[in-house]
Structures are given as structure tokens and as C-alpha cells.
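Structure, as C-alpha cells:
In UniProt numbering, the protein residues as written are 1 to 158.
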């Protein structure tokens with residue numbers, strides 16, 4: 001899907017997808033690439049000192065607010081989950097991320113890019129997401145060091 005910002009977005013269904021080259025030297029416009037807009041409540045989980053601060057700032061600029069943490073206690077539109085290989089069981093982390101997420105909401109799983117320390121095998125994400133009750137839809141390169149995988153929660157039945 002071409003875009004004026006040259007971001008990388010690819011479908012993950014049907015195996016290996018063709019990807020567009022991205023300028024990953026800056027995180028500018030990350031909120032747009034992640035579909036985050038002003039007024040959304042975004043919860044950030046798994047932050048650590050290795051998190052990309054310019055990416056975080058771009059997200060907060062895009063939503064025009066600070067991200068909330070795990071103690072927020074209300075429903076959120078989206079969860080940004082930083083996850084590394086040594087953070088434990090991915091399925092457990094994804095299930096925990098669902099706690100405050102609105103039905104039909106999105107988890108953006110941020111992982112170190114392939115070849116970087118702490119990188120997660122994409123197959124582990126593909127296998128873990130359905131176990132946690134999530135659907136994997138797209139991936140995006142959002143910074144030089146971090147990749148994002150979009151996981152959608154099921155819509156709640158009223």
C-alpha cells in the first residue's frame with residue numbers, strides 16, 4: 001500500500017508478503033502509520049530504558065496526550081506493548097494487554113527488529129496471537145530499532 005511517507009506496511013496473511021522500503025531513521029509520523037489519532041486513549045505497557053523515545057514522543061504528539069500505564073483502570077482504545085525475547089511468555093503478555101482494551105481494539109506489539117538484540121521470531125507472534133484470542137493483521141517498521149505488529153481483539157457481543 002503506497003503512501004506519501006514511505007512507511008512500511010505489509011499484510012501478514014498468506015505467508016511472506018512483499019514489503020515496501022521504509023525510511024526508518026526517524027519515528028516522525030509513527031502515530032499516523034499506527035492509525036492513532038487525537039483523542040484516543042493509548043495504554044503503554046512493557047516500557048523499559050531501551051524503548052525508542054522519539055517513537056514514544058511521536059505517538060503522544062499524534063494522540064495529543066500522554067500514554068496511560070497499566071494502573072489506568074479504565075477502557076483504552078489501543079495498547080502499545082513493548083516486548084523483547086527475554087520478557088517472558090508472549091501469550092501471557094498479550095493476554096495481560098487485553099485487560100483494559102475495548103472490544104475490537106488494537107494492540108500494537110513493538111519488538112526489536114529482526115537481527116537486533118531481543119528480537120522475537122515472527123513465527124512466535126503468528127502462533128501466539130491466536131492463542132491469546134487476537135488476529136494478526138499488519139506489520140510496520142516504526143523506527144530503526146523497533147517493528148510493530150498490529151493485533152486486533154475480537155469485538156464484544158452486546
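C-beta atoms are modelled at their ideal positions from N, C-alpha and C, and glycine is treated no differently.
Annotation for residue 91: no beta strand (DSSP E) segment contains it, though the alpha helix (DSSP H) segment containing it runs 90-97. Here the region 57-73 makes no contact with the region 111-121; the two share fewer than three CB pairs at distances below 8 Å. Under DSSP, residue 76 shares a beta bridge with 101. Counting of Cβ neighbours within 10 angstroms places residue 48 among the exposed residues, the total staying below 16.
Scanning its chain for C-beta atoms nearer than 7 Å, with the 5 sequence neighbours on each side dropped, one finds around residue 52 the residues 27, 143, 145, 146, in chain order. Check the Cα spacing between residue 62 and each of 32, 94, 78, 102: the tightest is with 32. Its Cα nearest to that of residue 122, the residue 84 stands out among 41, 101, 84. If only complete runs of 4 or more residues are kept, the region 110-139 shows the alpha helix (DSSP H) at 122-131, in order along the chain.
For residue 153, the three-state secondary structure derived from DSSP is coil.
With distances taken between CA atoms, residue 97 lies nearest to 150 out of 150, 57, 39. Looking only at 93, 76, 129, 58, the smallest Cα-Cα distance to residue 105 is reached by 76. For residue 57, the enclosing alpha helix (DSSP H) begins and ends at 53-63. Counting every other CB atom within 10 Å of its CB across the protein chains shown gives residue 93 a total of 16 or more, marking it as buried. Bounds of the alpha helix (DSSP H) holding residue 33 are 30-33.
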